[in-house]
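According to my numbering, the sequence shown is numbered sequentially starting from 5. This report refers to the structure that appears directly beneath it.
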Amino acid sequence: GQIPLCPQRMQIVGTGIEAQARQTFDNLQAIASAADATLDDAVKINISMTDLQGFSVVNDVMAEYFSTPYPARACVQVAALPKGALIEIEAVLEKRGR
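The following block contains the structure:
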């Protein structure tokens, strides 16, 4: 999974869920691009958050990165994440018809 690390500094970006969600989706987008794919190739997303109170914010951010039909998604609350991150996302992508 990906956490909101800045690839250049290898440090967590931001202290709020919106900034951390954006960085995490940016990281996933970069990985997809390196595999000649896009986030629209995602078929399953698993999100772990330390506080589900931020779920609606993550939902809004996610909508900026994906087109319909959206991938299947699960979201769970966890006690802690690496480096004190507020969010971790893992994605399964399938390149179709390319």
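Using N, Cα and C, we set each Cβ at its ideal position, and we do this for glycine too.
If we call anything under 7 Å between Cβ atoms a contact, is Val82 one with Ser60?
-> Numbered from its first residue, the sequence shown carries residue 82 at position 78. Numbered from its first residue, the sequence shown carries residue 60 at position 56. For Val82 and Ser60, no; Cβs fall outside 7 Å.
Which residue from Glu22, Ala78, Gly18 and Val47 puts its Cα closest to that of Phe70?
-> For the purposes of this step, residue 70 is taken as residue 66 along the sequence shown, with counting starting at 1. It is Val47 whose Cα lies nearest to the Cα of Phe70.
First through last residue of the beta strand (DSSP E) which encompasses Ala76 | In the sequence shown, residue 76 corresponds to position 72, counting from 1. Residues Ala76 to Gln81.
Can you give me the start and stop residues for the alpha helix (DSSP H) that Val47 sits inside?
-> Position 43 of the sequence shown, counting from 1, holds the residue named residue 47. Judged by DSSP secondary structure, Val47 falls outside any alpha helix (DSSP H) and instead within the beta strand (DSSP E) spanning Ala46 to Met53.
DSSP-derived helix/strand/coil call for Glu98 = In the sequence shown, the residue the question calls residue 98 occupies position 94. Of the three classes helix, strand and coil, the one that applies to Glu98 here is coil, per DSSP.
Strand pairing of Glu92, partner residues [DSSP] | The residue given as residue 92 occupies position 88 in the sequence shown. DSSP output for Glu92 lists Ser52 as bridge partner(s).
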